[in-house]
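Just below is one structure, and these are the notes that go with it.
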Amino acid sequence: MQNLAGILTDTAARVPDRPVLKLDDTTVTYAALDAMSAKVAGVLAARGVEPGDRVALIMPNIPQMAFVYYGVLRYGAVVVPMNPLLKAREVAYHLQDSGARLVFAWEGILAEALAGAEEAGGVEVIPVNAGAFLQLLAEADPVNEVREVDGEDIAVILYTSGTTGRPKGAALTHNNLLTNADISRNLLHTVESDVIFGGLPFFHVFGQTSALNSAVMAGASISLLPKFDAGKALEIIGRDGVTIFEGVPTMYVGMLRHPDLADTDVSTLRGAITGGSAMPLEVLHEFERVFGTQLLEGYGLSETSPVVSFNLPGPDRMAGSIGKAVDGMFVRVVDPEGADVPVGEVGELAVQGTGVMKGYWNNPDATEAAIPDGWFRTGDLGRLDDAGNIYIVDRKKDVILRGGYNVYPREVEEVLYEHPAVAEAAVIGVPDDLHGEEIVAVVGLKDDVQPADDDARQALLAEIREFAKDRLAAYKYPRRVVLTDALPKGPTGKILKREIRVDAQEGQDEPQVEPQT
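Take 1 as the starting number for the sequence shown in full-length UniProt numbering and just add one per residue.
Written out as structure tokens, the structure reads:
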């Protein structure tokens, strides 16, 4: 079966009564999910949607999200998942750019969805609420067959975060997503008895592939959390017997710092994975010590469906590495001209293989720029060792150029996370007349070390700066350390450096000095 929705119908035929989705007291079996997706396909048919038409959905991780996702795929249409935090003008842009025929919108975002749909030219909105939506499905004539598609047909259009301009739609094919879900299932050895933590948003490629699709392919269960909360995540692990936890670094930090951790039974966990942003080694080691299971780093992007590389479990795991390229994916480290750099040297990661997108939706210029020679340019800087392990150095656009020296923020952040008072950290460059850019560390503190007054606050910031100064070359350590209550984060919990604003007068500074070698 070339259609991605075939993984649902195949599993429903095999284990119809097994739970696939759990949200607190609500449980959905594979047979029920299969039936509901057929009803959604019937709703599309009644509205004149054609195969290949785009259908948007704006929902958090609730069972109805999966109903619609697999129903659209089943019908042969294209899913356009959207973040439920979007505002009307952003909704309008996604609908216009994708040419969506209609949008399924969760009741919590209905006002923004209606306004955005009107701005986009009157796109039909189907509200997804507790009563009326289920009634709509009950009255629909089901479309039970799964439409045959070509594996290279587009299944999902995922919009990137737009760090370099307006969001672009990564067009992922049925083959892209099928092969990547299979890779995720095999890497984690997912089986029917597994319970996967479902806190990664399904509108994002990480949660969609590594949690939802891989679980459905295996016949496993997913325990949903619509909005991440560290205390609720711990409750779900203990209550539902979660065996595989999938998250981003900030989720792990949140659980490690939560007061309920000591009273939570985490004995069912057999593995955990992280991606989305760099995992500080200090956090990785602390998680493994406290939770008693390995935490494995992977790497991927929306444009690669997403998994590119993974650090396999066992004694050969290379902590701090994002592992080796997975089956069907190939990684090179290249210079600006596209030539390979020597092993051990830093360059841009270029990727080719089964997960790489078909291109950016209706944007051939952006596609050509991203894939100029058949190799997708990731925008990430990294290096390879002799064994083929990949190490991320930093985002290409995040590199700070201070006094003619390249400073990689991740290296500085690793040091900051070693300080006993630091819960989270982000290092950014700010314009500087003398050095071109100056290094600023923005940190959040652990709950039990909040300073009592401004004098104590300033003393702690100075201490953190000196801590970094003692461990980094003179041109690398942050001249300013700024305190924040919380760093801005995206839908997966990834820290968004582009949204960090630093008060010119805040933090601990020291006199400007020329960088030393």
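Glycine is no exception: its CB is placed at the ideal position from the N, C-alpha and C atoms.
Just so it is clear, the structure is predicted and the values come from calculations on it, not from any experiment.
For residue j and residue i, the rounded distance between their alpha carbons
{"i": "Val331", "j": "Ser302", "result": "16 Å"}
{"i": "Ala272", "j": "Leu177", "result": "21 Å"}
{"i": "Met279", "j": "Pro313", "result": "16 Å"}
{"i": "Val80", "j": "Val55", "result": "6 Å"}
{"i": "Val125", "j": "Asp34", "result": "23 Å"}
{"i": "Ala138", "j": "Lys39", "result": "7 Å"}
{"i": "Asp453", "j": "Glu348", "result": "45 Å"}
{"i": "Thr164", "j": "Ser193", "result": "With a pLDDT of only 49 at Thr164, under 50, the local geometry of the prediction cannot be trusted, and the value read off the model is given with reservation. Their Cα atoms are separated by approximately 42 Å."}
{"i": "Leu434", "j": "Ala474", "result": "15 Å"}
{"i": "His94", "j": "Met82", "result": "8 Å"}
{"i": "Gln64", "j": "Ala325", "result": "34 Å"}
{"i": "Tyr391", "j": "Ala456", "result": "38 Å"}
{"i": "Val334", "j": "Phe206", "result": "25 Å"}
{"i": "Arg317", "j": "Leu187", "result": "13 Å"}
{"i": "Ser221", "j": "Ala111", "result": "32 Å"}
{"i": "Val283", "j": "Ala115", "result": "42 Å"}
{"i": "Pro336", "j": "Val308", "result": "21 Å"}
{"i": "Ala486", "j": "Thr492", "result": "15 Å"}
{"i": "Leu102", "j": "Arg498", "result": "32 Å"}
{"i": "Asn363", "j": "Lys168", "result": "8 Å"}
{"i": "Ile400", "j": "Glu424", "result": "19 Å"}
{"i": "Tyr159", "j": "Ile196", "result": "25 Å"}
{"i": "Ile183", "j": "Gly323", "result": "14 Å"}
Beta-carbon contacts of residue i that lie in its chain and below 6 Å, excluding the five residues immediately before and after
{"i": "Ile109", "result": "Ile58 and Pro84"}
{"i": "Glu438", "result": "Val430, Asp432 and Arg479"}
{"i": "Val356", "result": "Thr304 and Phe376"}
{"i": "Gln96", "result": "Ala120"}
{"i": "Ala45", "result": "Val143"}
{"i": "Arg185", "result": "Ser214, Met217 and Ala218"}
Whole-Å CB distance - residue i paired with residue j, under 8 Å assumed
{"i": "Val393", "j": "Gly379", "result": "That belief does not hold up - the Cβ atoms of Val393 and Gly379 are roughly 12 Å apart, past 8 Å."}
{"i": "Ala155", "j": "Leu73", "result": "6 Å"}
{"i": "Ile464", "j": "Val422", "result": "7 Å"}
{"i": "Ala117", "j": "Val78", "result": "Not a contact, Cβ separation roughly 17 Å."}
{"i": "Phe245", "j": "Leu269", "result": "6 Å"}
{"i": "Gly198", "j": "Phe228", "result": "Their Cβ separation, rounded to whole angstroms, is 11 Å, which puts Gly198 and Phe228 out of contact at 8 Å."}
{"i": "Pro249", "j": "Thr209", "result": "Wrong, their Cβ atoms sit about 19 Å apart, outside the cutoff."}
{"i": "Val216", "j": "Ile7", "result": "5 Å"}
{"i": "Gly52", "j": "Gly76", "result": "7 Å"}
Neighbourhood of residue i by C-beta distance below 7 Å, restricted to the same chain and skipping five residues each side
{"i": "Leu264", "result": "Per the sequence presented here, residue 264 reads as Thr, with Leu not at that position. Leu234, Ile237 and Gly238."}
{"i": "Met255", "result": "Ala230, Ala233, Leu234 and Leu261"}
{"i": "Val15", "result": "Tyr30, Glu192 and Gly219"}
{"i": "Ala319", "result": "Leu281 and Leu284"}
Beta carbon proximity, residue i to chain D, threshold 8 Å
{"i": "Lys168", "result": "No chain D is part of this structure, which consists of one protein chain only."}
Close-in-space but distant-in-sequence residues of the same chain around residue i (CB under 8 Å, 5 per side omitted)
{"i": "Asn175", "result": "Gln2, Gly151, Glu152 and Thr354"}
{"i": "Pro306", "result": "Asn180, Val205, Phe206, Thr209, Ser210, Gly275, Gly300 and Gly355"}
Cβ-heavy atom distance, residue i to the ligand FAD, below 7 Å
{"i": "Thr27", "result": "Within the structure as shown, the ligand FAD is missing, as the structure has no ligands at all."}
Q. Are the region 69–77 and the region 18–25 touching, with three or more C-beta to C-beta distances below 8 Å?
A. Counting C-beta pairs with one atom in each stretch, the region 69–77 and the region 18–25 have fewer than three that are closer than 8 Å, which means they do not touch.
Q) In the region 162–209, which residue ranges form an unbroken beta strand (DSSP E) of at least 3 residues, counting only runs that do not cross its ends? A) 169–173 and 195–198
Q) Mind pulling the beta strand (DSSP E) runs of 3 or more residues that sit fully within the region 230–262? A) Fully enclosed beta strand (DSSP E) runs of 3 or longer: 244–247.
(Q) Runs of 4 residues minimum, wholly inside the UniProt domain "AMP-binding enzyme C-terminal" (411–494): which ones carry the alpha helix (DSSP H) assignment? (A) 454–469
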